[in-house]
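Going by my numbering, the first residue of the sequence shown is number 10, and it counts up by one from there.
Here the structure is laid out as structure tokens; the discussion comes afterwards.
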Amino acid sequence: MRNIFKMSQNTWEHHSNPWSGWTRVTTGWLIFPAIWSHAAWGWTVAGFLLCLFAFWMYLNPRIFPKPRHTDFWASQVTFGERIWLKEIPFDGLDELLDMHRSQTRALGILAGFGFFGGIITAYLNLFWPTMFFGFAMIIGKMWFCDRMVWLFNDAIEINPKLAEWIY
């Protein structure tokens, strides 16, 4: 799955556009109504909506133009993600990632708990539990994003050349 969504240098530059980050975060929860819709419209429509959702998640980092400026919080989230995914190797990277690993994993678990719980409860058409899990997913994801900015700022201290990503 990671290879399907793998991003080139050019794609990462487009994804650093704040519009890409914010629209991706604000539409991530739409997977739940797509699943929920199976009860009203059947799995053909629900499957179509799920495919549309997956297509949007793939397309999103690619369709927005490269930003004129990257001194935005949302841009720095993508810079932290690149470092987290070891897209940019540098001396001290492993030690830096070790410093952030437990917190980042915990936030990923929270977001994953919300995501998978939301999928199950949306399938069962349980409104309030789906809302709860969706909220947990968004809180986990936003906190994870904040952690990525923190990671990026720590990375700049180790490798000042990374500061050139902010313009």
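Here a beta-carbon is modelled for each residue, glycine too, at the ideal position from N, C-alpha and C.
Small disclaimer: the values here were computed from a predicted structure and weren't measured.
Range covered by the alpha helix (DSSP H) that runs through residue i
| i | result |
| --- | --- |
| P74 | No alpha helix (DSSP H) holds P74; DSSP gives it neither H nor E. |
| L94 | First-last for L94: undefined, no H or E at that position. |
| M151 | 136-167 |
| G121 | 102-132 |
| W45 | 40-45 |
| N19 | 18-24 |
| P27 | 27-36 |
As assigned by DSSP and simplified to three states, the class of residue i
| i | result |
| --- | --- |
| I175 | coil |
| F99 | coil |
| F64 | helix |
| F81 | coil |
| K15 | coil |
Separation of residue j from residue i, as counted between CA atoms
| i | j | result |
| --- | --- | --- |
| R91 | F73 | 18 Å |
| L116 | R156 | 9 Å |
| A183 | V86 | Because the chain in this structure spans residues 10 to 176, residue 183 falls outside the shown range and cannot be described. |
| L171 | A49 | 50 Å |
| F161 | F153 | 12 Å |
| T130 | S46 | 12 Å |
| F41 | S17 | 29 Å |
| L105 | A43 | 38 Å |
| W5 | W52 | What is shown of the chain runs 10 to 176, which leaves residue 5 out entirely. |
| D80 | L94 | 21 Å |
| R192 | P169 | Residue 192 lies beyond the stretch modelled for the chain, which goes from 10 to 176, so this question has no answer here. |
| L61 | I128 | 16 Å |
| M108 | W159 | 11 Å |
Residue nearest to residue i in terms of C-alpha spacing, selected from the options
| i | options | result |
| --- | --- | --- |
| A83 | G117, H23, N134 | H23 |
| T32 | W65, L61, S17, C60 | W65 |
| W28 | N19, F62, P76 | P76 |
| S25 | F88, I40, C154 | F88 |
| N19 | E96, A164, L119, H109 | E96 |
| I165 | L94, H78, C60, F99 | F99 |
| L102 | W21, Y176, D163, G30 | D163 |
Taking 8 Å as the threshold, find out whether the region 116-124 comes into contact with the region 145-162 through three or more Cβ pairs. Yes, the region 116-124 is in contact with the region 145-162.
Is the region 56-73 touching the region 137-145 in the sense that three or more CB pairs, one from each, lie closer than 8 Å? Not touching, per the Cβ criterion.
Measuring CB atoms only, is the region 30-41 touching the region 64-80, in the sense that at least three cross pairs come out at less than 8 Å? Contact holds between the region 30-41 and the region 64-80, because three or more Cβ pairs, one in each stretch, are under 8 Å apart.
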